[in-house]
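In this note's numbering, the protein residues as written are 10 to 225.
Here the structure is laid out as structure tokens; the discussion comes afterwards.
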Amino acid sequence: MRKKQTTILFAAVALASTLTFFLSGCLGPSMNVRVTVTPTLIDKTYPDKMPVNIGLYLSDEFKNYRYTDSTKTLGTTYDFWNLGSESAGIFEVGLSQVFEKVVVVDQKPPFTKVQPVPLRAVVEPKIEGVDFKVPAIVVQPWSMKIQYKILVYDADGKMVWAIPITGTGEVPGSYTRTMEELGTNPAKPATAAIIDAADKLVEAILTSEEVKRLFN
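Have a look at this one:
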């Protein structure tokens, strides 16, 4: 029987939102929403790591992905400017829980230069859409869904696996709508959605027959 290990894949939510307010006619405030995902330990059990090294390819489009939402509900523009970079970080952490080594690479296979270690495959995440909901009634939840697509290439550059993953996050509303809530509530569901997607990515890899065949 394979050993089990308690490992990570959650995040302590460290949130910082920078607010820049301006009024122009009927426009409301503009908010730069910073989402910070910090890995920490939770009670979660995965099989022992697969004894293979993989690459993680992060395109500039993915790393720099930002989502801007102008909601009619509050007249506020929300700018989630670092969704891509935070997704990249937690995906690397998640993959490190199931593979011996994860190397961030700057190109997809076949490689034109020697890699620091032999890589059996390369994972490429993409963000395909975001759905951000601001409650019309203060007691309703704030929520976000982030649609990802995960691609896996073998060492020759052939795509051997692709799967859509949707990360979802939600934070309860309240009977008040304070300035503090306006500053933190948008980031909370975004953080939860990224964490949820990373969890689903790990689970999908562990149950994928295509991935198992690739590494056997």
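All C-beta atoms in this analysis are idealised placements derived from N, C-alpha and C, irrespective of residue type, glycine included.
Owing to the predicted nature of the structure, the values given are computational and were not obtained by experimental measurement.
Would you check if the distance between the CB atom of residue i and the CB atom of residue j is smaller than 8 Å?
i      : j      : result
Ala206 : Phe89  : no
Leu67  : Val113 : yes
Tyr74  : Ile136 : yes
Gly93  : Lys72  : yes
Val107 : Tyr55  : yes
Ile99  : Ile214 : no
Glu101 : Leu160 : no
Val132 : Ile63  : yes
Leu128 : Ala164 : yes
Glu95  : Val46  : yes
With burial defined as no fewer than 16 other Cβ atoms inside 10 Å of the residue's Cβ, what is the status of residue i: buried or exposed?
i      : result
Thr216 : exposed
Ala145 : exposed
Asn194 : buried
Val126 : exposed
Thr121 : exposed
Give me the residue from the options with the minimum Cα distance to residue i.
i      : options                        : result
Val44  : Gly103, Asn73, Phe71, Lys197   : Lys197
Pro119 : Ala130, Glu109, Pro125, Lys110 : Ala130
Ala201 : Phe141, Lys221, Lys167         : Phe141
Tyr157 : Pro134, Gly84, Pro60           : Pro134
Leu223 : Lys167, Gly182, Gly138, Glu212 : Lys167
Met40  : Tyr87, Thr121, Ser105          : Tyr87
Val42  : Gly138, Asp165, Asp78, Val169  : Asp78
Ile172 : Val220, Val143, Asp165         : Val220
Leu210 : Val143, Ser105, Asn225, Asp115 : Ser105
Gly103 : Asp208, Glu70, Ile155          : Asp208
Gly182 : Val143, Pro38, Asn91           : Val143
Under three-state DSSP, which class holds residue i?
i      : result
Thr229 : In this structure the chain extends from 10 to 225, so residue 229 is not present and cannot be described.
Asp205 : helix
Lys154 : strand
Phe100 : helix
Leu65  : strand
Ser105 : helix
Ser79  : strand
Arg43  : strand
Thr86  : strand
Leu215 : helix
Counting pairs of Cβ atoms below 8 Å between the segment 135-155 and the segment 171-182, do you hit three or more? yes
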